[in-house]
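Asker:
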Amino acid sequence: MTIPMPLEDRQALPVRIELLDTGLPLKTMTNRTKTRVQLSTAELAFRIFAAFRAHPHINNVLTHISFSNWPQVERALNVILDPAASEELSPLARNIVDLMCADRGITGKILKPYFHDALERLIDPYRAERLIRHVEALFTEIERGANILLTVFIEPIQGHSS
């Protein structure tokens, strides 16, 4: 949820435009090397949760797949974004991971880059990349499990009908 703030309430921040040895303005240099606050997994999950709620399409899809159980969505994001979690992914968490990684359908094509951008805005690029790789590993694991199930259940049926 975004709370708009009237312009008169905002404090004007002094902008120093000094040239460094590189010849680039200081403002440009600090934006590129901006340090981010180190967020806990729970705080990061909450901020990703808030970002998803703020996007109209993603909000609608997550409302649908979670049966409007938003606390469950936040718990699923906590498990997904915690590389140390040994907990089994719930069906909702697996569905969210699929949306975060697969480029299938409209939602996958919207959510994947939106998730990556949100991570890159919230945490340092190295940690963001590690988390993206972690979520992609979860996705690969889910896909592998689905392929095993197909092999176990579909092949005997096809072999029986011949």
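Positions in the sequence shown are counted from 1; adding 34 to them yields this note's numbering. Even glycine gets a Cβ: it sits at the ideal position worked out from N, Cα and C.
Would you decide whether Thr174 is buried or exposed? Buried here means 16 or more other CB atoms lie within 10 Å of its CB.
Answerer: By the neighbour-count rule (16 or more Cβ atoms within 10 Å), Thr174 is not buried but exposed.
Asker: Just checking my contact of His168 with Pro117 at CB under 8 Å: how many whole Å lie between their CB atoms?
Answerer: With a Cβ gap of about 5 Å, His168 and Pro117 count as contacting.
Asker: Is DSSP giving Asp132 helix, strand or coil here?
Answerer: It is helical.
Asker: In three-state terms, what does DSSP make of Ala110?
Answerer: Correct three-state label for Ala110: helix.
Asker: Thinking Ile92 and Leu145 are a contact (beta carbons under 8 Å), I'd like their distance in whole angstroms, please.
Answerer: With 8 Å as the limit, Ile92 and Leu145 qualify as a contact, their Cβ atoms being about 6 Å apart.
Asker: Please confirm if the region 73–82 is in contact with the region 120–134, defined as three or more CB-CB distances below 8 Å between the two stretches.
Answerer: Counting Cβ pairs under 8 Å, fewer than three are found: no touch.
Asker: Would you mind giving the Cβ-Cβ distance between Phe149 and Leu111, rounded to the nearest angstrom? I have them listed as a contact below 8 Å.
Answerer: Between Leu111 and Phe149 the Cβ distance is about 10 Å, and since that is not below 8 Å, they are no contact.
Asker: To the nearest angstrom, how far is the alpha carbon of Phe86 from that of Glu122?
Answerer: Approximately 23 Å between the Cα atoms of the pair.
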